[in-house]
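Protein chains in written order, with the working numbering: chain A, 9 to 219; chain B, 9 to 219. C-beta atoms are modelled at their ideal positions from N, C-alpha and C, and glycine is treated no differently. Every value quoted in this text rests on a predicted model; they were computed, and no experiment measured them. Here is the structure we will look at.
Number of protein chains: 2
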Amino acid sequence: MSAVTCQISVSLDGFVAGPDQTPEDPLGKGGERLHEWAVATESWQRQHGRQGGERSTDSEVVDELLAPVGAVIMGRRMFGGGDGPWDETWKGWWGEEPPFHEPVFVLTHHPRDPLPMEGGTTFTFVTDGIEGALEQARAAAGDRDVAIAGGASAVQQYLAAGLLDELYLHLVPVLLGGGERLLENVGDPVLEPVEVVASPAVTHIRYRVRN
Amino acid sequence: MSAVTCQISVSLDGFVAGPDQTPEDPLGKGGERLHEWAVATESWQRQHGRQGGERSTDSEVVDELLAPVGAVIMGRRMFGGGDGPWDETWKGWWGEEPPFHEPVFVLTHHPRDPLPMEGGTTFTFVTDGIEGALEQARAAAGDRDVAIAGGASAVQQYLAAGLLDELYLHLVPVLLGGGERLLENVGDPVLEPVEVVASPAVTHIRYRVRN
């Protein structure tokens with residue numbers, strides 16, 4: 009069976025978003041610092057239709073991260089648009105052509121029709137929980153992997169349920185001092201570091217989760 | 009001038025000791041799991057007068073960690089013996105010949121005469137704060153380094169004061185779920201990963217602190 013994976017940038021003090029998060033500022037105060045390492049790369053700039061950026065160890069990591077998996081699952085807050093019943097004019101943060109290019113399943117308590125976008129991304133809204141979303145994502149992915157994109161709560165739920173096979177952390181040497189923690193309420197899974205890639209900016213550690 | 013360094017094992021969720029710490033159990037629940045990687049090495053076993061243990065990447069790291077620096081600073085709780093005025097029968101956790109073999113300065117609010125031990129360790133009790141302890145430790149260390157041994161509070165105080173030059177973390181892939189956090193109340197220092205050593209058990213990351 010294909011693997012369920014997650015890759016996510018985390019501060020050295022354990023946060024995937026900074027303090028004072030709002031619906032308009034889901035990364036919170038200082039949270040954009042978690043992603044500067046990726047934005048600095050040639051891979052990220054190219055993927056966003058721009059010139060420049062650095063070819064580096066981090067760029068190679070980003071190339072790998074940008075390769076489509078089979079399907080993506082994300083939490084409601086990562087998709088955005090606020091809590092409660094849907095404002096159907098909200099189509100995510102990513103414009104008309106989101107960078108996923110594959111089926112994306114959004115965990116929510118509020119039903120909404122599937123939302124096809126340009127470039128191969130379709131957002132499907134799943135109201136029957138993480139297992140239901142995973143079942144649909146696996147069916148869409150075939151023999152390819154399913155990626156849990158975030159945020160913290162979605163990752164925590166899959167990890168706590170023993171459904172995550174791989175956690176690839178990008179450990180960014182900043183201290184946010186508060187915000188949204190990644191590794192809490194997840195029980196005590198066995199994590200094995202199976203690959204470490206070091207750059208001057210960030211330490212990438214891939215953990216296999218023994219379920 | 010010589011450097012002020014700290015090396016410490018930390019769980020993936022950021023703790024240097026587990027929950028439910030007591031004076032008799034300063035590592036708290038599960039805290040010993042932070043040190044299993046070191047105890048498993050041939051270097052650690054040899055240093056404790058035993059046979060066996062593994063020759064490995066981690067063993068080489070332990071060899072390096074066990075090399076004396078010039079002087080050591082530790083917090084009162086790490087030295088142990090409970091809070092308040094000293095019970096002078098308490099001579100630390102380490103027996104008659106502690107493994108430091110160099111001057112050790114203990115941060116405390118309660119005066120006590122210096123305590124010479126076998127093997128070159130002398131515990132000196134410093135009541136005038138972290139700067140006073142560092143001054144004494146630097147004088148004792150000469151051109152060699154001063155190591156902040158722990159616990160979390162001592163490391164935090166030196167880091168927050170801009171007095172720490174290097175933080176060498178041994179990132180252990182366990183989740184303690186609670187306990188004593190290392191990286192809080194330290195402000196926002198600039199940390200540069202300058203060396204990463206990966207083993208199947210733990211990821212060692214050396215950060216230079218830009219003060």
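Item, Value
"Ala206 of chain B classed as buried or exposed, judged by whether at least 16 other C-beta atoms fall within 10 angstroms", "buried"
"Glu188 of chain B versus Val18 of chain A - alpha carbon distance", "19 Å"
"Distance between Pro124 of chain A and Pro106 of chain A (C-alpha atoms, nearest Å)", "10 Å"
"Status (buried if at least 16 other CB within 10 Å, exposed otherwise) for Met9 of chain B", "exposed"
"Where Phe131 of chain A sits in the DSSP three-state scheme", "strand"
"Inter-residue Cα distance where the pair is Ala25 of chain A and Leu190 of chain B", "19 Å"
"Close Cβ partners of Pro208 of chain B (< 6 Å) along its chain, the five nearest in sequence each way excluded", "none"
"Distance, Gln165 of chain A Cα to His109 of chain A Cα", "25 Å"
"Ala168 of chain A, DSSP secondary structure in three states", "helix"
"First and last residue of the uninterrupted beta strand (DSSP E) at Gln15 of chain A", "12-19"
"Close-in-space but distant-in-sequence residues of the same chain around Asn219 of chain A (CB under 8 Å, 5 per side omitted)", "Gly170, Leu171, Leu172, Asp173, Pro197"
"Beta-carbon proximity of Phe133 of chain A to Ile81 of chain A, cut-off 8 Å", "no"
"Rounded Cβ spacing between Glu50 of chain A and Arg63 of chain A (contact assumed at less than 8 Å)", "5 Å"
"Gly88 of chain B and Pro31 of chain B closer than 8 Å at C-beta", "yes"
"Distance CB(Arg41 of chain A)-CB(Val180 of chain A) smaller than 8 Å", "yes"
"Under 7 Å by beta carbon: chain A residues contacting Asp254 of chain B", "With chain B covering only 9 through 219, there is no way to say anything about residue 254 of chain B."
"Interface residues of the stretch 201-217 of chain B facing chain A [CB-CB below 9 Å]", "Pro201, Val202, Glu203, Val204, Val205, Ala206, Ser207, Pro208, Ala209, Val210, Thr211, Ile213, Tyr215"
"Ala145 of chain B beta carbon less than 8 Å from that of Val154 of chain B", "yes"
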